[in-house]
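Below you'll find the structure, written out as structure tokens, and then a few comments.
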Amino acid sequence: MTSQPAKAPAKLGRQPIKVLVVGSGAREHALCWKLAQSPRVAEIIVAPGNAGTVGGDRGGLAKVRNVALRPNELGAIVALASDEGVDLVLIGPEAPLGAGLVDALAAQGIHAFGPRRVAAQLECSKAFAKQFMQRHGIPTADAAIFEDLDEARQWLVDHDGPVVVKASGLAAGKGVVVADNREEADAALLRIMRDGIFGEAGETVLLEERMYGDEISVLAFCDGRTALPMPAAQDHKRIFEGDRGPNTGGMGAYAPTPLLDDAMLRRIHHEILLPVINGMRKEAYPYIGVLYAGIMLTETGPRVLEFNCRFGDPETEALMLLLDSDLAELLLACVEGRLRSDEVRWKTGAAATVVLASSGYPGSYAKGAAIEGIAQAEADADVRVFHGGTRWDGDTLRTAGGRVVAVSAYGVDLRDALAKAYVAADAISFDGKHLRRDIGWHALAKSPQPSQDNISQTGVPS
Ligand code: AMP
Ligand code: GLY
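The structure is reproduced here in structure tokens:
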């Protein structure tokens, strides 16, 4: 969007606020569910939302309603926020952040929770992120960056060892090839740079050292100066059990993960999160919103795989069940640059999310199947079913996307949370339902007698 003369940001005071949530996934439903509990929130508009955020009797959430606008209709979203007198915009997906939605809202004096376009490059340009990490000494895989196919292919000839090929731009989670040998890496380069399978997103490519270790997701609330980590989560990206098959948006998640203790979370805070926030501020891109660090716990310590500039999906569907604090107050503290560690409280225990997907996802899949059993699933007060690809057809709920619902459960520990999530997941039925039965298995196998004592619950490292 073109830059416009900036209006002073509106004063928020203590009055009830109207929130606009941008996005349509289970992540956005979970955020709306948590926001709706806040006495500070008078109304929530969702653009475009899904069947879980329609409000009224069918959606089940008071204060919430959908507006049929796509997240990439930036001008229309700004106009809606302005016409409706929205006080705060919460942006779910990365694309509108990368396209400058926060900048466009700021130009109208409207507060938004999310980074500006330049700061969102941490996710939208892997080349930017890599060079930023190199400038600021943030641990990550070594990488070479190429805009020329022949130079990239020559690098492969000159360098031995396993390599990871990454399209720099946004490629819907498909732009990374972990190659087992040089031939595979070369073939990936040709597909990305010669055949242009990711379009512009593949004009710049990274060839990266392969790392080994457990993968975790550390999300942090950021106000431009402070980063407060949430309990560390683990996502399960592959479509099939045992981490096989193609990558998806995420088939399940849980938090906190026993794969790291408080000392490791503190290390991640000091070696990764704070250097990002400080580096961004020094480079005049103050980072406001959620900073999501995809981290590999390697033999030499935590190293960054990637950054996302937003809440993770499905991590958020688990984390919102653990968050004890008022989400609206937290988001306001971030946008007003006054985040304090005592503002973020987490429940003890654990939360787990199991995604129910349409058979065929992440490839092509059928839509329109009737979904049954959500009320039975939610009969357990510790269970919430967050809608993703769903729509109402009269009074019938139907599938409308690849990841249909995220079944989330809170428990006294990870085992308890997973057991409740799977009972609930089994209560829901639709034609072609696909789920992974092994969410959390790796963590449970590594920690047979989970003790809550060594698992971070506070998210407040010192
Ligand atoms: P990214 O989108 O960069 O997180 O990459 C997607 C997935 O590819 C990650 O979740 C990892 O499983 C894998 N991956 C990315 N980079 C590396 C690396 N340098 N070494 C090993 N695996 C990687
Ligand atoms: N769960 C991975 C992501 O949100 O990108």
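Numbering-wise, the sequence shown is residues 1 to 462 according to this note's numbering. For every residue, glycine included, the Cβ atom is placed at its ideal position computed from N, Cα and C.
Taking 6 Å as the cut-off, one finds at least one heavy atom of the ligand GLY near enough to the beta carbon of residue 308. Exposed is the label assigned to residue 131, since fewer than 16 other Cβ atoms lie within 10 Å of its Cβ. Distances from the CA of residue 241 to each of 446, 436, 7 and 25 were compared; the closest alpha carbon is that of 436.
Take the alpha-carbon of residue 159 and the one of residue 209: they are about 10 Å apart. For secondary structure counted as the alpha helix (DSSP H) over 4 or more consecutive residues, the stretch 316-388 holds these complete runs in sequence order: 327-335 and 374-377. DSSP, read as helix, strand or coil, puts residue 121 in helix. Note on the stretch 62-94: whole alpha helix (DSSP H) runs with a minimum of 4 residues are 74-84, in chain order. For residue 227, the closest of 176, 261, 281 and 252 by C-alpha to C-alpha distance is 281. Under the criterion of beta carbons closer than 8 Å, residue 260 and residue 216 qualify as touching, at roughly 6 Å. Taking the CA atoms as reference points, residue 178 sits about 8 Å from residue 185.
Secondary structure of residue 21 (DSSP, three-state): strand.
In the structure shown, residue 428 adopts coil according to DSSP, grouped into three states.
Look at residue 243: its beta carbon is at least 6 Å from all of the heavy atoms in the ligand GLY. Of the other Cβ atoms in all chains shown, 16 or more fall within 10 Å of the Cβ of residue 383; this residue is therefore buried. Straight through space, the alpha carbons of residue 278 and residue 229 are spaced by roughly 15 Å. When the five nearest sequence neighbours on each side are left out, the beta carbons in the same chain lying within less than 8 Å of the beta carbon of residue 94 are those of 120, 123, 124, 170, 308, 309 and 310, in order along the chain. Residue range 126-136 is occupied by the alpha helix (DSSP H) that includes residue 133. Taken atom to atom, the span from the alpha-carbon of residue 317 to that of residue 157 is near 44 Å. The ligand AMP approaches residue 141 closely enough that one of its heavy atoms is under 6 Å from the residue's Cβ.
Remark: the shortest separation between the CB of residue 250 and any heavy atom of the ligand GLY falls under 6 Å. Checking the 6 Å criterion, the Cβ of residue 177 is out of range of every heavy atom belonging to the ligand AMP.
A direct Cα-Cα distance of roughly 15 Å separates residue 284 from residue 337.
Annotation for residue 368: 398 place their beta carbon closer than 6 Å to its own, counting only its chain and skipping 5 residues before and after. With respect to the 7 Å criterion, residue 289 and residue 359 are not classified as neighbours on the basis of their beta carbons. No heavy atom of the ligand GLY is found nearer than 6 Å to the CB of residue 137. Between residue 6 and residue 107, the CB-CB gap stays under 7 Å.
Annotation: residue 164 to residue 394 spans about 47 Å, alpha carbon to alpha carbon.
Residue 165: member of the beta strand (DSSP E) spanning 163-167, first to last residue. Taking residue 76 as the centre and dropping the five residues before and after it, the same chain places the C-beta of 69 closer than 7 Å to its C-beta, in chain order. Residue 351 holds the alpha-carbon nearest to the alpha-carbon of residue 408 among 143, 351, 245 and 74. Per the C-alpha coordinates, the member of 353, 24 and 404 positioned closest to residue 372 is 404. With a threshold of 6 Å, the Cβ atom of residue 326 does not count as near the ligand GLY, since no heavy atom of the ligand is closer than that. Between the stretch 313-333 and the stretch 28-38 there are three or more C-beta pairs closer than 8 Å, enough to call the two in contact. Taking residue 203 as reference, the option from 173, 152 and 24 with the minimal CA-CA separation is 152. CA-to-CA, the gap between residue 271 and residue 12 works out to about 34 Å. According to the DSSP assignment, residue 277 belongs to the alpha helix (DSSP H) that extends over 274-282.
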